[in-house]
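Structure first, then comments.
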Amino acid sequence: MQRIGVFVCWCGSNIAATVDVDAVAQAVKTEPGVAFSTNYQYMCSEGGQAIIRNAIAEHKLTGIVVCACSPRMHEATFRKTAATAGLNPYMVEIANIREQCSWIHKDREKATVKAIILSRAAVAKLNLDSPLTAGETPVTKRALVIGGGIAGIQTALDIADAGYEVDIVEKTPTIGGKMAMLDKTFPTLDCSACILTPKMVDAAAHEKITLYTYSEVEKVSGFVGNFTVDIRKRARSVDADRCTGCGDCMEKCPSKKSKSEFNQGLSNRSAIYIPFAQAIPNVPVIDREACIKFQTGKCGVCQKICSAKAVDYEQQDEIMTRRYGAIVAATGFKTINLGRFEEFQYAQSPDVITSLEFERLCNAAGPTKGKVMRLSNHETPKTVVFVQCVGSRSTVECGKTYCSKICCMYTAKHAMLLKEKYPETEVYVFYIDVRTPGKGFDEFYRRAAEEYGVRYVKGMVGKVAEENGRLRVQASDLIADKQLVIEADMVVLAAAIEPDPSARNLATLLTASMDTNDFFTEAHPKLRPVESPTAGVYLSGVCQGPKDIPDTVSQAGAAAAKVIGLLAKDKLVGNPCVAGCNEPLCNGCSACELVCPYGAITYEEKTVMDHGVREQRRVASVNEALCQGCGACTVTCPSGAMDLKGFTNLQIMAEVDAICR
Amino acid sequence: MRVDEKTLAEDIVRMSGTNVKKCMKCGKCSATCPSFEDMDVHPHSFVTMAEEGDVAGLLKSKSLWKCLSCFACVERCPRGVEPAHLIEAVRFFALSPQGLNKMKPDVVPIFLQNLEEKGAEVPQQLLTSAFRKYSK
Amino acid sequence: MLLKLSLDKTGGLFTEMARDRTLYLPVKRGGQADFAPWTPEAEVCLDYLNTARSIKDFFLPQTENIAAFKREGKKITITPTHEEPSPFVVFGARACDVRSLDVLDRVFLSDPVDTFYKAQRENGVIVSMACAEPEETCFCNAFGIDAAEPRGDVVTWIAGNFLYWEAKTPAGEALTGKLETLMSEADSSDLKEIEEQGKAARAAFKELPLGKLSLEGWSGDDLLGKFTSPLWEKMSKSCLGCGTCTYVCPTCQCYDIQDFDTGHGIARFRCWDSCMYSDFTLMAHGNPRKSQLERFRQRFMHKLVYYPANNDGMYSCVGCGRCVAKCPISMNIAKVIKALGGNANA
Amino acid sequence: MPINAESGEFKPMIVAFCCNWCSYAGADLAGSSRLSYPADVKIIRVPCSCRVNPLFMLRAFQRGADGVIMCGCHPGDCHYTSGNYFARRRMALLFSMLEYLGIEKGRVRVEWVSAAEGQKFAITMNQFAETVAALGECKRLEDLRCQP
Amino acid sequence: MPAVKEIQEKMRARAGELLRDGGVSMALGWKRGEFCHDPEPAFFESEAELDNFVYDGFSSPLLSKYLIETIRKDKQKGEGKGSKFLVFLKPCDSYGLNLLLKEHRVERERVYAVGVGCPGMLDVDKIRAAGVKNMRSFDETETEVTIHASSGDKTLARRDILLEKCLVCKGPEFAVQDEVLAPGLPSFEGGDRFAGVTELESMSPEERFSFWRNELSRCIRCNACRNACPVCSCNKCVFDNPQSGVQAKSNADSFEENMFHIVRAFHVAGRCSDCGECSRVCPQKIPLHLLNRKFIKDINAFYGAFQAGADAEARAPLTNYEFGDVEPGAVVKRGGGA
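Rendered as structure tokens:
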């Protein structure tokens, strides 16, 4: 049996004016478990708290009910008060007789009756309270960033600068990601490589950052502060420690017919290759599928000519197990497959290209050395049509329902770059809407139209057809209500972007949830946009949703700040109001596991004593460090094995009973 | 008899099975339409008019009979609005006062005979389309 | 004295019987017959063979209030809440059900007397009805019950178009006194018809699938041998552990006393319990009967061994066949009697 | 709750389950904005609408409640991301079942109330109390033993 | 199409084979009872025991739930580790097994599931209602059943004496099986299983209330519905657990009658495969399937067609959600489900 003290607050006149506080204190005296009750002007004041502390000592109270303002206001205060008097802080219940009583009722009698009922409910609940202690777990002071694009690099740099160890895992042979492929960036038109490559170098050189390129995350276990991750370091076939990056091997490699991933397949590369000149690490990798040595056993040229003796055909994949306190997903994006949009002839005509391909054509280090040319005949195009929203904002199966966010701006950029290089070119941009929310964005777009004479046409392209070596573009001009037919030399499609396909598997490994488009979901769409619902897992860059470089960098910094906040703690103190499994009652059905948004519930085979029978059973187990205490599992559990501490089934029913009495 | 044009418009939209509210005014339907030049009201406007309940406008438009039912707009529409189905529904209402069973198979030859006189008035593809629909 | 009444006049009889007391009789509910209070609208069915539930309901109801506890401050007041008994008649009880009261009496009327049960017994008049033909699942003859000649305060027969009525006890006489004007005296030809019908019925019982069931192997010898028989394990395997057999059984008498927190105090009541349930005999230390095997064995050992051992050899089964008809998986006492009864039923 | 002997006025008993993060805060806002609603409404704080077991609702009726309402964060805004989605399915099925059993509709309700919607909270409670008052005492789900 | 007797012999032979040398240590089937219409679930451990094996129009009791206890006991014994248990499944029984597998109540590798075609199970009460007294034996085909009884011989159309659950048969497909004997049965089409629910929905609330009062007031809380149900497999039911706060051994009043059945139906909502066992076993003939089917009908209408137990992977509707799910208020407004 509890010994409960009830403390009714006047809150000056806020409560006392409408509620007869003394009557409340008297009425609850006869409630089961109540050993003491009183009222006072301001319970939250030092004087009020002293009354509580003294009463706890004097009446040997095991719990207190404070009838006062909303628990959202002073629950924490009174928990501290209880704790200083030696009570468990969770043996405190608040009856909200201000916001939910005195402030909304005018009739003193009715308000008093209601206050008594609310106080009784709190007493009834407290009778079933038990002391709760928050669990503590240590924090491994090391972070893992998955993905080495601008998002991952920035997050890693920010974390490392705060003094914590960071590992970057990148699945391609180099960091840099999509930003490395860009020519210029909007809205300033500065060179992408000029701003990215120093950051790549910084990341590689940072003493706190370790790069694992050509590597993938294979297994994740553990929970916030204590993840254990297996990383597969794929065999490069080149010893990174020995390689000097001289490039002789690539030059001599006889297999030169592979498509360059970096150049979007617009040029070829050798089987042993470095993706691009500024790649980091500047160590080649052998594409074993394309390598003659690996395919036929005959060749070995690269090994023979390598003066550093770095080429190693025997190299094997390596699995490393590392421990981390936090994980950041920065897996980025790719452009969608346009093969199914037959109306644009992308798969059929070499002169219909994606914007990312156009980006490579513009780039001085690209396959055409920066010369924009028709891929069919290597001539400079005279009329170029840009089509926006290709696959974006589309409900058809091969499209995406969302706005890809970056296309309006890069299309304006491309139109300008083209006009800059070839002022005589006729440039059309077909748009549904031009969306330019961002600093200097609308000005940038207007410059394209006003200063560069790019023809913006409101309407969609309906059909592209190859005719006499040119492209017949049929489109509508909705403003003029006309159908246009343009003889173009090149069509550039602003393809929708989608999350990198590797994210899906990663989400499963991290038990992080995804939306229907495979973007990672955030813990709260407004208030926790860089955290995933899984504690200790953070989101950076486009893997969370389409965004441009400035947004990505800001989010990367935000994710880093969250990681730093976590790693700065020595121990994590959990919320003690977590779910718990009553093992003898558990059926092992997995229903709770399915509704847990935090992946906090796992199942294990355990020996359970059930009424003297000992047996091995599959039972649920709650990881208290991950559980946030929502209670979804408790209602899903048919046998009532799952219950939520602080809000148990019996407690809520006791409140119901007390209210309805 | 229907007096309320708004209800009529709603009925037409419902019958067509389309959701005109999904239209984001991209104009791809008009861009792709092979009969665009022959039309006074273009496919995207057709959708807008249906949305606004302008049934009279739809019924008296030339476009109503110029649409080939080629379904290019249905195929290309990124939002699944399907303007051609809307046009079909309006046609149904235009024809329905002419008899309960709308167009009977035996009237089709009359259309064909008139073809020479009327020339481009009745596109052949429309008749093919009609055959497909009414030859049950 | 044997009285008779044309079957189409029974309405008047029921009206009269129900005038100053509750009359329970078989009515149609949910596609089967069950005892329920008579009302002019009730669909009385006298041609039923077996009701779904037994007449136990009126003497040991499924739930009955005992007392209420109220707490005010440190004071607790206790108020008895058991309903005052009032007179009632059960009309149409079959021979097996009438016998079941003997079984219950020995439990509840022996010291210490169960006052609730006693009060119900004292207030109830049993008007039994002879069986003119058996139900497929009947085996009351195995327990020496004559279905054609039931006991009761009043015994009735239905033959031809008449209901025959004979008072057997003072209570039955008293009831008959009020009804005599409705009935006329039967003659010897009526008696003969009843006798013939009875003979045919007795013969029919013997021809039933369970008509030759013998309890010879259940004389109470070799208690340990029965208890430890490996057959229990085999037989109990298919048992679902529901309480159907115990709740439809006219002789199952186990109950539980429970407290219900009404929010204003405690309502104490008793309710049927079933030895088939996993929480039956649950105690603070755990449950001595951990498995369905043990619960299953208990039920039949009690009916066929323990009870007779304490009650002059009287089995606490009356062969009404309800459990046979109702068990979801067709396990029943007849199978147990045969399987563990040695060669008697071979 | 019984009919007031003096006035003959029926005062319904209403239980409101409110999630801690949105609706309870919304109720607080209604309070601090002094927006009144009937004193018949008593709030029980739960961490999330997904903590509300249909059993609790039945329990309330058993104990004499005439109406039960559950409030949670708007879909998409759940503090725990998905709790209210599960709650919504559970309640949709429960409500449909109660109606199927012949319990008057209007005795149960779900409303999504954000922390900013103090006004909505008050309006909702006023409306709900009115609906329940019009329905009168809940006879079809009462437990006679629990009457005072 | 083989006659039912032939299927029985096939099953007996196959069970014998598997017990002899198929790595199966026990076969769950049915054995002859005291009458011709009451086969009992049976556990055959040797070929010799199979003499009593029976499969006919009355082999309705579902067997898969017994696997929980069978495997548990086998584990406790600690011997025979890894031994398999053969279970015979009629097509509709297979859904129940799938649910047990999905909820980890039974391990797939411990089960050898043999699907058997089902001609439709018979309702002895319907046979009696047709005027048959004291059934002695019967002959059955897919379409007709000839009954030999003390009241004389009688031939009835099979359709007229099927159990309610068989009138709305889910068809001859097996949701899970290792092998199938006599596939293709039943060959008839099931009817609209929601007809009963729809009819109730069309009544006024008052009519519905009195309908359910009349039905549920007959409940004696024998728990047969719960204990026969393949998904009501909790180690300890909340209604049996004194710590749950809702324990109740009997229906003390109308509220508890409602409560038990609402909560039971809710606990199996989205998990109920509509096997019909609850209604079949109810000694008081309460149409419990009308509660479960209401949930199934609503789930289908609100969240898309769902057949519990059709596979062992799909998320149950109540452990799933969509952003655009129907609002509870809209459900009530539309008036009695969809």
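Residue numbers (this note's numbering), protein chains in the order written: chain A, 1 to 661; chain B, 1 to 136; chain C, 1 to 346; chain D, 1 to 148; chain E, 1 to 338. Ideal placement from N, C-alpha and C gives every residue a C-beta, glycine not left out.
Between the CA atoms of residue j and residue i - distance to the nearest angstrom
i	j	result
B:Gly17	B:Cys73	15 Å
E:Asp153	C:Glu43	30 Å
C:Pro80	C:Gly265	13 Å
D:Cys19	A:Ala600	21 Å
A:Phe227	C:Asp261	48 Å
B:Leu100	B:Val90	Any answer about B:Leu100 is weak, because its pLDDT of 44 lies below 50 and its placement is not dependable; what the coordinates show is given next. Their Cα atoms are separated by approximately 16 Å.
C:Pro134	C:Glu185	28 Å
A:Thr602	A:Arg322	22 Å
A:Ala583	E:Arg264	Per the sequence presented here, residue 583 of chain A reads as Glu, with Ala not at that position. A:Glu583 and E:Arg264: Cα-Cα distance of roughly 21 Å.
E:Arg218	A:Gln26	47 Å
E:Leu318	C:Asn161	60 Å
C:Asp331	A:Ala95	For the record, residue 331 of chain C in the displayed sequence is Met; it is not Asp. Cα-Cα distance, rounded: 56 Å.
E:Ile161	C:His82	46 Å
DSSP three-state assignment for residue i, whether helix, strand or coil
i	result
A:Val384	strand
C:Gly220	coil
E:Leu181	strand
E:Ile147	strand
D:Tyr85	helix
A:Tyr214	coil
E:Phe85	strand
B:Gly99	Residue placement at B:Gly99 is flagged as unreliable, the pLDDT there being 47, under the threshold of 50; the coordinate-derived value follows with that caveat. Residue state, collapsed to three classes: coil.
A:Ile51	helix
Same chain, Cβ closer than 6 Å to residue i, neighbours up to 5 away in sequence not counted
i	result
E:Asp139	Thr146
B:Thr87	In the sequence under discussion, the amino acid at residue 87 of chain B is Ile, which differs from the Thr named in the question. Answer for B:Ile87: Cys67, listed in chain order.
C:Ile55	Val90, Ala93, Asp97
Chain-order list of residues whose beta-carbon lies under 8 Å from that of residue i (same chain, five-residue window excluded)
i	result
C:Tyr307	Val103, Met314, Tyr315, Ser316
B:Phe71	Ala84
A:Ile116	Ala23, Val24, Ala27, Val28
C-beta atoms of residue i and residue j nearer than 9 Å
i	j	result
C:Asn345	C:Ile333	no
C:Leu60	C:Tyr255	yes
E:Ser273	E:Leu99	yes
E:Gly115	E:Val231	no
D:Lys42	D:Met13	yes
A:Ile336	A:Ile146	no
Beta-carbon contacts of residue i that lie in its chain and below 7 Å, excluding the five residues immediately before and after
i	result
B:Gly27	His44
N- and C-terminal bounds of the beta strand (DSSP E) containing residue i
i	result
A:Pro138	136-138
C:Gly124	124-129
C:Gln258	255-261
N- and C-terminal bounds of the alpha helix (DSSP H) containing residue i
i	result
E:Asn258	254-267
E:Leu100	91-102
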